[in-house]
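Remarks on the structure that follows.
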Amino acid sequence: MAKIGRNERCPCGSGKKYKHCCARSPRTPVAPVEPGQGILTQAVERICRAAGQRRQVINELGVFVLFATERGNAWLLEVTQSDCVQVARDGQPVSPEINENPETIEVEWSHTFRVVDRQLVLTAYSDRSEQVLEDCPVREVSAAVRRVAKKFPPSVRQGLHIEPGEQQEESPAR
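Residue numbers (the working numbering): 12 to 185.
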């Protein structure tokens, strides 16, 4: 697990810097994850609640960046392959397909993203159409994407994905 820097945002989701939030308090045990509900699923639910309250929030979770806007839209970004999916629209949760278990996370991505001229540009997988997210806090999201990419070297990022149809090779029994 990557070390949290003192000047990075606190992983608890408060929006404060780590040094002003959880770094000062004694370590408290993290709430256990309910069986059948993973960490990413919980983070998506939290970001959808923030979107419903029309609050701008940006969270980082491993290779994922989640953000909600003041218009009530929320997105889940995956940094290693620049994939994304909308998880809330106009304050209402959208149900993307997320299958999570202790070993793998599968998400049905709908778009790819890139930052161009201070705008977040999305390209749909379905018809290759492009759109610009108007209500996106581009500067903060771009900084979060850079921080996440910096935490994981390219060799680690390439090993995170298994392409469809690709299977892990098993070593022969001796």
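All residues carry an ideal CB built from backbone N, CA and C; glycine is no exception.
- Just measuring C-alpha positions, the residue of Pro104, Gln130 and Phe163 sitting nearest Arg150 is Gln130.
- Look at Cys21 here: in three-state DSSP terms it is coil, with no helix or strand label.
- Inter-segment contact for the stretch 126–144 and the stretch 106–113 is absent: fewer than three beta-carbon pairs are separated by less than 8 Å.
- Rounded to whole angstroms, Gly26 and Ala54 show a C-alpha spacing of 14 Å.
- In the displayed model, Glu141 falls within a strand according to three-state DSSP.
- Looking at the backbone, the Cα of Val68 and that of Ile58 are separated by about 7 Å.
- For the 8 Å CB-CB criterion, Phe124 and Val118 do not form a contact.
- Separation of Lys162 and Pro148 (C-alpha to C-alpha, rounded to the nearest whole angstrom) is 22 Å.
- For Glu71, there is no enclosing alpha helix (DSSP H); the residue is found in the beta strand (DSSP E) stretching over Val68 to Leu72.
- For Val55, the enclosing alpha helix (DSSP H) begins and ends at Ile50 to Gly63.
- Straight-line spacing of the CA atoms in Ser106 and Asn18 works out to 33 Å.
- Distance from the CA of Gly16 to the CA of Tyr29, rounded to the nearest whole angstrom, comes to 7 Å.
- CA-to-CA, the gap between Leu87 and Ala79 works out to about 9 Å.
- Scanning its chain for C-beta atoms nearer than 8 Å, with the 5 sequence neighbours on each side dropped, one finds around Ile116 the residues Gly49, Leu51, Ile109 and Asn110, in chain order.
- For Ala135, the enclosing beta strand (DSSP E) starts and ends at Gln130 to Ala135.
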